[in-house]
Each structure stands twice: as C-alpha cells, then as structure tokens.
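Numbering (the UniProt record's numbering), first residue to last: 1 to 556.
In structure tokens:
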C-alpha cells in the first residue's frame, strides 16, 4: 500500500518512505475478508523474515506475545463507542514475538475503525510504530518476576491476570474463554525414581510440548510445581474437547528423552468454559480445579466442567463450614488444644502437638478437623494454618520450656505469607526455632514433592524440625523421605488404633518401624489408646508415643 500526495509546485512525496524512516508502517484491514494490506517495508520495520505471513489479521495475530492483555482485535471489537460516520479511534500497545522472548518487539498500534451497515467494525486503518529498545528493556525488566524461572512460561500471578483479562475481553466480544489445568500425574514417581533434576527436565519438556500444541494467541503458564494453566480465547466446549485431545497426545505419544533414559509422562487435564460455567476468574480457577480432580480419577485423564447437583450441595455445605471458620477467626474463637508426645522408652514428655479447636455459640470446643477439610476444599485453610502458627508461637514465647508441633496443609507449603509470618516471629525470638516442629501430612507431601522439598529445606535452614504425619496412608517411598530430609515420621493412627485386633495392621506397623529404624528416622506412633498397644509399640522400636493413653488433648 503506497500513499502519495502532491502539492502545487512540489514533486510527489512517497509517504511510505517517510513512514519507514521513522519506524512506522500503515495498514488497512478488511474485516469481512480478514485481508490485511500493509504499506511497503512492513516485514523489515517489524523485524520479520520475508516468509512471515501477515496478509491476514489472523496470521498477524499469531505473532502476538501471549503476555499481551489487549491486542488490536480486542481494542476494535471491544470498543463501546459508536461510529457516526467519522470512525472510532483506538490505540493499543503490545509485543510481537520474533522467535525467542528476548527477540520480541513492542509496538504501538494507533488507528480508526469504521462500521458497516450493522454498526460493527467493518474496515480498520492504522499505523504500527516500533517503540524502541529502551521501551523493550524496561518492559523486559518489569516482566522478569512474571515468568517461571525453570520453564520460561508465565508465573501463576501473571497467568491469573491474563485469564481475567481474557474473560473480560470475551464478555465484551461475546465469545467464550476456556481455562484449563494440566497436571503431571506421575511427576512424584519420576522424582522418586530418578531424582528432582530429571523431574525438572521432564517439566521443561512438557512445557515445550504444551506450547507447541497450542494456538498462537493462547496463553500457557506454570500454575504450580506439577501443574500448568492454559488460557484459550474464543474457545467453545467443542473447540476445547479437540484442544484437550491434541494436548494430551502431545504429551503421551512420545516419551521424554532424559539422561536417565526415555520416560513416559502422564497428564490429567481439567477445564472450564466461561462465561457459561464461570463468571469470574476465581470461578474459572475453582471449577478448573474441580474438573482436574475429576479428570485424575478417569482413565482418559480428561474432564470438562459441567454442573453436578450433588457436588454443588456438598460445595455449599463446605462453604457454610468455611464461613463458620472465618467467623470463628474473626471472633477469636479458634483455640489450640495440646496433646503430649512421650518418649516410648521412658515416658518423658518431649513436646506437644497443637490441635485446632473451635468454640461454638454454646461455648463447646469442638475439633477443627471437619472445618479444616472444608476450608481446604474452598481454598481458605491457609487462614487456619496461620492462626495456629501464631497461637503456637505465642505459647512458645510465653514458656521457654515448651516444645510444640503445628500442622500445615498442602496449600500452606506454597504460601509465602505463612513463611513470612514465621520469619517475623523468629526475628524477634530466634530461640523458638529449635522448639518448633512442623508436621506435613503424607498426602500433602506427595501431592507436590518438589514444592514440599523446597518447603522442608527452608524450614530446616531456619532451624525448625519437620515431621511427615499420617505416614502409611499414602504412597511415599522412604527414598522420597530421605530426599525430603525430614526429622521424623508419624505412623498413621488408623493402623495403630486396632493393633490388638488386626494382625495385618500389626505386621504393617512393625514393617514401617523396622524400615524407619534402618534408615535412621525417629518415629511417632499416634492414637495409642491402651497400655497393651503402648507395650507392643515399645517392643517394636517406636521412638515416641502419642494418644489418649499418654494424655488427651487439653486446651491451652
């Protein structure tokens, strides 16, 4: 597209030459045909190879960086203004990908759209201007914290931000947006068998394969250690079903090549289509999690969210319990009861486990277990964990002789606010660290072994001891425990409570204790309810005993 003008007494001026001189190109977009016509030199100005396809708006859109919250199409079709004949102006900035992330080019896109007979944009004209290396350097510096260091994909906060922006853009343009979670279901087993370095290689390769199987305008981010999040724009359920199959095939069809040999990777994918089944970004994430949980139970490993009346009833019940928890926290009705842990050989009390109790309207202190389970389902359990930490450390600060164990949920192992709170306490009272023990359930530990490893390492660096709780209820190997470098393991109380009546439980507990002893772990047997069971455990080599036979929990 060459634009010329002439004035009396002067030669014609080639405006394309002037535009090129200032790093700018002009374009005209016919919406109906999707045809995009550029002024001369567009490829050179935008730093694109001559083979790059930019003759349609769709092909040009494939160059957009997924990090871009708003692009030309959204600026035009998302406009709430009306064209009364003079067109409607727009201006937007976005990065174009030219290979690796450090090769991208930030541009300013300014133009005007003109409506067709139906009032919707039919013709768009504008100028694209490069913003220069200084702008890119500033944008790059600002974006470093928004990317995952291992995979180079978006970090979770930025992923959620883009999901929200995509949802809003879809609402303006009356299109659907899908949000999917893809979990590496056998990453824990890979880490156990080959080590975390090989596990990291697998994560990076899965990231690469997912990205290569996605459309250019869609977004990929690392949601957690073993889970990726995907934002798919203009995606109906039928499109999502096809995309899910394509993504699964990209991972499952070929093993990942590593220094330890080829490794087969399995994924589960759960997704939701908005706004049909999610009106907010929080709803999108929550329902994608529900779908992922369901997908993990299915042979196909794929599930797209759909309303389930029974599940919705259970969720409302959980929300009620979670509301009760929030009210109890606000009213200072969350307390701790302490149950002593005794050395098996001597009966000496070594520390006490802090157990959450909630005071009801009638003044009764009830177990916080059911409320904690409900809070975990709806993402509020970190609030309970934080209150328990504060109360337990307050006791340690009051009593220099006290030693206390606190429980944390899976969510808290990745909660920086909990860790920052602990650091604040330890800065004031460094002596507390050696008297604090943190318990992580086995199921929480194996859910994300890499994250648990980092959490345990950080605690031990602070001088805090760590225990794996309810050991035997999950499938953690002792090799994994050695890599986690925990200080002790607590045998799941469900096996201890029926030792007098179940030969199978007896054999299992003896085997666990023997293995722990061989590998150098101290052990705690929970739910010791009688002298006979205490004698058995003592004979089998348990290091510590806990249960009502030793002492029941007592409020502080």
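By construction, the Cβ of each residue, glycine as well, lies at the ideal position given by its N, Cα and C atoms.
For residue i, does the three-state DSSP call read helix, strand or coil?
{"i": "residue 10", "result": "With a pLDDT of 41 at residue 10, under the threshold of 50, the modelled position of that residue is not reliable, and the figure given next carries that caveat. Reduced to three states, the DSSP call for residue 10 is coil."}
{"i": "residue 305", "result": "coil"}
{"i": "residue 110", "result": "strand"}
{"i": "residue 265", "result": "coil"}
{"i": "residue 279", "result": "coil"}
{"i": "residue 95", "result": "strand"}
{"i": "residue 2", "result": "Summary for residue 2: the model assigns pLDDT 49, below 50, so the residue's position carries little reliability; its value from the coordinates is reported in the next sentence. Residue state, collapsed to three classes: coil."}
{"i": "residue 345", "result": "coil"}
{"i": "residue 206", "result": "helix"}
{"i": "residue 551", "result": "coil"}
{"i": "residue 105", "result": "strand"}
{"i": "residue 439", "result": "strand"}
{"i": "residue 452", "result": "helix"}
{"i": "residue 537", "result": "helix"}
{"i": "residue 24", "result": "strand"}
{"i": "residue 71", "result": "coil"}
{"i": "residue 417", "result": "helix"}
{"i": "residue 84", "result": "coil"}
{"i": "residue 459", "result": "helix"}
{"i": "residue 495", "result": "helix"}
{"i": "residue 556", "result": "coil"}
{"i": "residue 320", "result": "helix"}
Tell me, please, which residues DSSP counts as bridged to residue i.
{"i": "residue 228", "result": "182, 222"}
{"i": "residue 353", "result": "339, 405"}
{"i": "residue 30", "result": "35, 123"}
{"i": "residue 270", "result": "181, 303"}
{"i": "residue 500", "result": "Paired residue(s): none; residue 500 is not in a bridge."}
{"i": "residue 545", "result": "342, 525"}
{"i": "residue 56", "result": "35"}
{"i": "residue 90", "result": "111"}
{"i": "residue 233", "result": "177"}
{"i": "residue 365", "result": "359"}
{"i": "residue 151", "result": "In DSSP, residue 151 forms no bridge with anything."}
{"i": "residue 412", "result": "Beta-bridge pairing links residue 412 to no other residue."}
{"i": "residue 557", "result": "Because residue 557 is not part of the residues shown, which for the chain are 1 to 556, the question remains open."}
{"i": "residue 64", "result": "96"}
In terms of residues, what are the limits of the beta strand (DSSP E) holding residue i?
{"i": "residue 161", "result": "Here residue 161 belongs to no beta strand (DSSP E); instead the alpha helix (DSSP H) covers 156 to 173."}
{"i": "residue 123", "result": "121 to 130"}
{"i": "residue 465", "result": "465 to 471"}
{"i": "residue 257", "result": "256 to 258"}
I'd like the span of the alpha helix (DSSP H) that includes residue i, first residue to last.
{"i": "residue 251", "result": "237 to 252"}
{"i": "residue 443", "result": "442 to 447"}
{"i": "residue 491", "result": "Segment 488 to 491 is the beta strand (DSSP E) holding residue 491; no alpha helix (DSSP H) there."}
{"i": "residue 45", "result": "42 to 45"}
{"i": "residue 16", "result": "15 to 21"}
{"i": "residue 385", "result": "381 to 398"}
{"i": "residue 188", "result": "187 to 194"}
Does any residue of chain C have a CB that is nearer than 9 Å to the CB of residue i?
{"i": "residue 49", "result": "The structure shown contains no chain C, having only a single protein chain."}
Can the beta-carbon of residue i be found less than 9 Å from the beta-carbon of residue j?
{"i": "residue 560", "j": "residue 521", "result": "What the structure shows of the chain is the stretch from 1 to 556, and residue 560 is not part of that stretch, so it cannot be assessed."}
{"i": "residue 90", "j": "residue 75", "result": "yes"}
{"i": "residue 557", "j": "residue 148", "result": "This structure cannot speak to residue 557, because the chain is shown only from 1 to 556."}
{"i": "residue 26", "j": "residue 126", "result": "yes"}
{"i": "residue 326", "j": "residue 380", "result": "yes"}
{"i": "residue 93", "j": "residue 118", "result": "no"}
{"i": "residue 196", "j": "residue 483", "result": "yes"}
{"i": "residue 360", "j": "residue 413", "result": "no"}
{"i": "residue 354", "j": "residue 405", "result": "yes"}
{"i": "residue 511", "j": "residue 490", "result": "no"}
{"i": "residue 403", "j": "residue 436", "result": "yes"}
{"i": "residue 28", "j": "residue 19", "result": "no"}
{"i": "residue 328", "j": "residue 371", "result": "yes"}
{"i": "residue 187", "j": "residue 199", "result": "yes"}
{"i": "residue 339", "j": "residue 553", "result": "yes"}
{"i": "residue 410", "j": "residue 462", "result": "no"}
May I ask whether a heavy atom of the ligand ZN can be found less than 8 Å away from the beta carbon of residue i?
{"i": "residue 204", "result": "Looking for the ligand ZN in the displayed structure turns up nothing, as the structure carries no ligands at all."}
*Should the segment 237 to 252 be regarded as contacting the segment 271 to 286, the criterion being three or more beta carbon pairs within less than 8 Å?*
Contact between the segment 237 to 252 and the segment 271 to 286 is present, because at least three Cβ pairs lie under 8 Å.
*asked:* Could you check whether the segment 328 to 335 touches the segment 539 to 548, counting it as contact only if at least three pairs of C-beta atoms, one from each stretch, sit closer than 8 Å?
replied: no
*the segment 221 to 229 in contact with the segment 170 to 184 per 3-pair CB rule at 8 Å*: Flag = yes, the segment 221 to 229 and the segment 170 to 184 touch.
*Please determine if the segment 292 to 303 and the segment 389 to 397 are in contact, where contact requires at least 3 C-beta pairs separated by less than 8 Å.*
Touching, no.
_Touch test, the segment 522 to 530 against the segment 490 to 506, Cβ-Cβ under 8 Å, three pairs minimum_ = Taking 8 Å as the limit for Cβ pairs, the verdict is that the segment 490 to 506 does touch the segment 522 to 530.
*Is the segment 49 to 57 close to the segment 199 to 209, with three or more CB pairs under 8 Å?*
no
*asked:* Does the structure place the segment 337 to 355 close enough to the segment 300 to 313 that three or more beta carbon pairs sit under 8 Å?
replied: In short, these stretches do not touch, since the Cβ pair count stays below three.
*Touch check for the segment 276 to 296 and the segment 165 to 179: three-plus C-beta pairs under 8 Å?*
The segment 276 to 296 is in contact with the segment 165 to 179.
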